[in-house]
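Trainee: This is the structure I have questions about; it appears just below.
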Amino acid sequence: MPLTVLTLNVGNPALERARRQRDWLARRDEDVFVLTETGSGPGTHLIAESFTDAGWSVTYPDHADKERGVMLLSKLESTVDPIGAAMTYLSARLDGIVVHTDRGPLRILGAYVPSRDATEAKTTRKRTWIDAFHQAYGTVAGDAPVLLLGDLNVLEPGHVPPHPGQFAPFETAFYTELTQRHGLADAFRTLHPTAVEHSWARRVELGYRYDHAHASTTLIEHLTSCSYVHDTRRGEPTLTDHSGLAVELALTATAPLITSDPAADREATLF
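Numbering follows my numbering, with no gaps: position 114 of the sequence shown is 249.
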């Protein structure tokens with residue numbers, strides 16, 4: 136069986152939307168979910184509690200009030216990756232797990248890069264987070280292959296449409312440095328060199344490919360599929376304003392957990 140991972144920006148959901156997101160995730164077949172733009176409110180806690188109660192491994196770093204972050208849900212036995220502890224700035228936006236496969240350990244990392252506007256404060260915030268990411272990644276680099284997924288809030292060079300003037304050089308550099316500095320290749324581009332796909336759009340004709348999956352060079356040979364899941368933002372009502380991104384690897388997980396349906400009715404403990 137292939138090892139499968141899906142990333143989705145859940146948009147800090149309120150309780151009702153979080154229930155629909157949980158139910159949608161529960162119907163998916165992926166082994167690991169990397170959720171971005173999680174928050175500290177009851178909606179995000181509902182997702183975490185539902186999957187925990189169903190026997191999944193849930194990695195959910197503490198979120199400061201009104202801060203955003205990531206959550207990893209795994210139906211494979213996992214340990215917490217050290218990158219979260221190494222992150223020194225807005226650390227809830229970067230975390231990871233290590234799962235075991237027939238080819239050895241695999242690090243699955245989730246990232247939610249800050250967005251910005253034209254203000255100096257937001258620009259400094261994003262630049263500082265990116266610098267902290269590079270430092271943290273370098274600090275805990277090792278031999279195990281990495282799959283990094285999430286909403287990176289940057290565009291690749293040559294993005295279609297180009298969106299001129301919207302992104303500073305340091306933002307584009309972050310995308311290229313994932314490959315040049317850390318050896319992580321864009322998984323979607325590896326399999327689809329010329330495809331035009333967007334994971335978020337202000338209007339249909341003004342799309343952005345914000346959500347990404349990057350993989351270590353040694354992992355690329357096991358990459359069998361990388362595709363966007365657009366129904367998350369095309370239904371009525373929508374689950375979120377982002378498309379998901381699903382990755383399939385020709386690896387076999389060696390330590391599956393015994394899990395049940397996260398969407399099944401259970402006695403509430405928090406709500």
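Think of the CB as a built atom: it goes at the ideal place given N, C-alpha and C, for glycine as much as any other residue. For clarity, every value in this text was computed on a predicted model and none was experimentally measured.
List the DSSP bridge partners of R107.
Mentor: The question about residue 107 has no answer, for the chain in this structure spans 136 to 406.
Trainee: Can you give me the C-alpha to C-alpha distance between I232 and A350, rounded to a whole angstrom?
Mentor: Spanning the two alpha carbons is a distance of roughly 15 Å.
Trainee: Is DSSP giving W335 helix, strand or coil here?
Mentor: W335: strand per DSSP, three-state reduction.
Trainee: Do you know how far the Cα of P137 is from the Cα of E212?
Mentor: So the two alpha carbons sit approximately 16 Å from each other.
Trainee: Distance, Cα to Cα, E332 vs A220?
Mentor: If I take the Cα positions, the gap works out to 34 Å.
Trainee: Could you have a look at E312 and say whether DSSP puts it in helix, strand or coil?
Mentor: E312 falls in the helix class under three-state DSSP.
Trainee: Quick test of the definition: if touching needs 3 or more C-beta pairs under 8 Å, does the stretch 259-275 touch the stretch 303-316?
Mentor: Yes, since at least three Cβ pairs between the stretch 259-275 and the stretch 303-316 fall closer than 8 Å, the two stretches touch.
Trainee: Taking the alpha-carbon of D400 as reference, which of F168, G146, L181 and N144 has the nearest alpha-carbon?
Mentor: Of the candidates F168, G146, L181 and N144, the one whose C-alpha sits nearest the C-alpha of D400 is L181.
Trainee: Buried or exposed: which applies to D278, given that a residue is buried once 16 or more other Cβ atoms fall within 10 Å of its Cβ?
Mentor: With fewer than 16 other Cβ atoms within 10 Å, it is exposed.
Trainee: Is the distance from the Cβ of L241 to the Cβ of I218 below 8 Å?
Mentor: Cβ atoms of L241 and I218: not closer than 8 Å.
Trainee: Nearest to V145 by alpha carbon, out of S395, I393 and S378?
Mentor: Ranking the options by Cα distance to V145, first place goes to S378.
Trainee: Contact check, V205 vs T171 under 8 Å by CB: the rounded distance?
Mentor: Right, the Cβ-Cβ distance comes to about 5 Å (below 8 Å), so this counts as a contact.
Trainee: Which value, in whole angstroms, describes the spacing of the CA atoms of K201 and Y247?
Mentor: If you take the alpha carbons of K201 and Y247, they lie about 14 Å apart.
Trainee: Check whether chain B comes within 8 Å of T187, counting only Cβ atoms and requiring the distance to be less than that.
Mentor: Structure shown: chain B not included; a single protein chain is present.
Trainee: Could you give the distance in angstroms between the alpha-carbon of Q301 and the alpha-carbon of G190?
Mentor: About 43 Å.
Trainee: Where G174 and E184 are concerned, what is the direct C-alpha to C-alpha distance, given to the nearest angstrom?
Mentor: Distance between the alpha carbons of G174 and E184 is about 14 Å.
Trainee: Helix, strand or coil for D286? Go by DSSP, reduced to three states.
Mentor: Residue state, collapsed to three classes: strand.
Trainee: Which residues in the same chain have their Cβ closer than 6 Å to the Cβ of V167, if we skip the five residues on either side of it in sequence?
Mentor: So the qualifying residues of the chain are V140, S209 and I243.
Trainee: Looking at the secondary structure, which residues open and close the beta strand (DSSP E) in which H269 lies?
Mentor: Counting along the chain, H269 falls outside any beta strand (DSSP E), though it belongs to the alpha helix (DSSP H) covering E255 to T274.
Trainee: Answer with buried or exposed for D197, where buried requires no fewer than 16 other C-beta atoms within 10 angstroms of its C-beta.
Mentor: Flag for D197 reads exposed.
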